[in-house]
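Asker:
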């Protein structure tokens, strides 16, 4: 499988994990000690009581996490202010191949999400 696609697949899995973990904590009784913002979760649990409200929170969280990943990939692609100071790359360790050789990572990530996610 294409290495870029494997990267995008893993990034999407990470995104989904954190969106789901965050959303699930609004309804279950589990311990929130893993979170640095436990008191904020408690507030949201009280405010987001309906399924519709929790789904809205989940969609917003998904959008935010997706945007953060996209912004990091833009940075790696050299498309933000960091490029004025230096550029970074993602290199496959054993082959020394740049993952940027097959096109812009940030665009590829969104293309990947469009292929695999339903809205």
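In this note's numbering, the protein residues as written are 5 to 123.
We put the beta carbon where it would ideally sit given N, CA and C, even for glycine.
#1: Could you tell me which residues DSSP puts in a beta bridge with residue 102?
#2: Would you mind stating whether residue 45 and residue 52 have Cβ atoms separated by less than 8 Å?
#3: Indicate whether the contact test is met: 3 or more Cβ pairs, each with one atom in the stretch 48-63 and one in the stretch 90-107, closer than 8 Å.
#4: Can you give the Cα-Cα distance for residue 29 and residue 90, rounded to whole angstroms?
#5: Along the chain, where does the alpha helix (DSSP H) containing residue 70 start, and where does it finish?
#6: Output the distance between the C-alpha atoms of residue 82 and residue 65, rounded to the nearest integer angstrom.
#7: Starting from residue 120, trace the alpha helix (DSSP H) both ways and give me its first and last residue.
#8: Can you say whether residue 8 is buried or exposed, counting buried as having 16 or more other CB atoms within 10 angstroms of its CB?
#9: Under a three-way DSSP split, which group does residue 40 fall into?
#10: So, for residue 93: in the same chain, excluding its five sequence neighbours on each side, which residues have a beta-carbon less than 8 Å away from its beta-carbon?
Answerer: The answer reads as follows:
#1: Looking up residue 102 in the chain shown gives position 98. Paired residues: 95.
#2: Locating residue 45 in the chain shown gives position 41, counting from the first residue. Locating residue 52 in the chain shown gives position 48, counting from the first residue. The Cβ atoms of residue 45 and residue 52 lie no closer than 8 Å to each other.
#3: Counting Cβ pairs under 8 Å, fewer than three are found: no touch.
#4: As a position in the chain shown, residue 29 is number 25, starting the count at 1. As a position in the chain shown, residue 90 is number 86, starting the count at 1. Taking the straight line from one Cα to the other gives about 39 Å.
#5: Position 66 of the chain shown, counted from the first residue, corresponds to residue 70. 55-81 is the extent of the alpha helix (DSSP H) around residue 70.
#6: Position 78 of the chain shown, counting from 1, holds the residue named residue 82. Position 61 of the chain shown, counting from 1, holds the residue named residue 65. For residue 82 and residue 65, the distance between alpha carbons rounds to 26 Å.
#7: If you number the chain shown from 1, residue 120 lands on position 116. Under the DSSP assignment, residue 120 falls in the alpha helix (DSSP H) whose first and last residues are 109-120.
#8: Here residue 8 refers to the residue found at position 4 when the chain shown is read from its first residue. With 16 or more Cβ atoms within 10 Å of its Cβ, residue 8 is classed as buried.
#9: In the chain shown, counting from the first residue as 1, residue 40 sits at position 36. The three-state reading of DSSP puts residue 40 in coil, since its state is none of H, G, I, E or B.
#10: If you number the chain shown from 1, residue 93 lands on position 89. Excluding residues within five positions, the ones whose Cβ falls inside 8 Å are 80, 102, 103, 104.
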